[in-house]
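All residue numbers for the sequence shown refer to the working numbering, where the first residue is 1 and numbers rise by one. Scroll down for the structure; my scribbles are underneath it.
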Amino acid sequence: MSGPLRLVTILAFSAATLAACNDGADPEQGLAIADEAREEAPDETGVAVDNIASERVEGIDDPIPALEELGDPDDLDLGEMVGACSFASNDKVLFIAGSEGSDRARGRGVIQIAGRDRVLAGADMTGPEGIMDGPTMTDGEYTVTIDRGSGDGERVGAESTRWPAELVVSKDARSDVRYAPGTWTCGV
């Protein structure tokens with residue numbers, strides 16, 4: 001069979017196969033159903049049905065930078081504190097927090113992002129006990145929460161206690177990054 005004749009045969013066979021698959025539905029009806037589906041798509045999804053890739057997804061376009069290991073704790077100026085706690089993951093200290101002795105003290109903490117120490121204030125006035133239980137702190141842009149394990153913890157040395165913990169960092173209350181597994185260690 002020559003080239004053009006072979007092509008005509010293949011096209012005719014394809015057309016016959018497609019005709020056999022046709023269920024008799026009106027093609028215009030299919031288009032009407034698609035249009036109706038577009039009109040009924042909920043607006044609150046934030047995704048345009050006709051132009052899916054044009055929408056900006058919150059949190060993905062502006063990711064949270066990674067926390068960096070804090071330097072020497074003696075170089076941090078968090079003021080007077082009764083004891084302090086630190087969060088470590090993969091043998092790196094990523095967050096240190098403490099509070100004044102009053103039960104109504106807000107507490108302060110520090111994280112490091114892009115080589116800069118960011119001092120955070122406690123979201124609640126819970127004093128040293130609230131810090132030990134796992135605080136939430138913010139500087140207005142970044143919020144850090146310690147999700148500490150329950151129980152009495154494990155004694156470390158003469159004056160410290162350690163719990164399993166997870167650190168959650170969010171930026172502008174939009175998205176979050178979790179550091180786990182980790183430990184929350186508090187001492188006097």
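Here a beta-carbon is modelled for each residue, glycine too, at the ideal position from N, C-alpha and C.
3 or more residues per run - each beta strand (DSSP E) lying fully within the region 57-113: For the region 57-113, whole beta strand (DSSP E) runs of length 3 or above, ordered along the chain, are 84-89, 92-98 and 108-113.
Please list the terminal residues of the continuous alpha helix (DSSP H) segment that includes D139. From DSSP, D139 is part of no alpha helix (DSSP H); its letter is neither H nor E.
Between which two residues does the beta strand (DSSP E) carrying D199 extend? Outside the displayed span of the chain (1 to 188) sits residue 199, for which this structure offers no information.
Determine the direct distance from the alpha carbon of T183 to that of A88, and round the result to whole angstroms. The alpha-carbon separation between A88 and T183 amounts to approximately 5 Å.
State whether the region 166-176 contacts the region 133-152, with contact taken as three or more CB pairs (one from each stretch) at a distance under 8 Å. The region 166-176 makes contact with the region 133-152; the number of CB pairs closer than 8 Å reaches 3 or more.
Euclidean distance between Cα positions of G107 and M125: Straight-line spacing of the CA atoms in G107 and M125 works out to 7 Å.
In angstroms with no decimal places, state the Cα-to-Cα distance between Q112 and E69. Here the alpha carbons of E69 and Q112 stand approximately 7 Å from one another.
Please identify the residue among Y179, I131 and G149 whose C-alpha is closest to the C-alpha of R104. For the residues Y179, I131 and G149, the minimum Cα distance to R104 belongs to I131.
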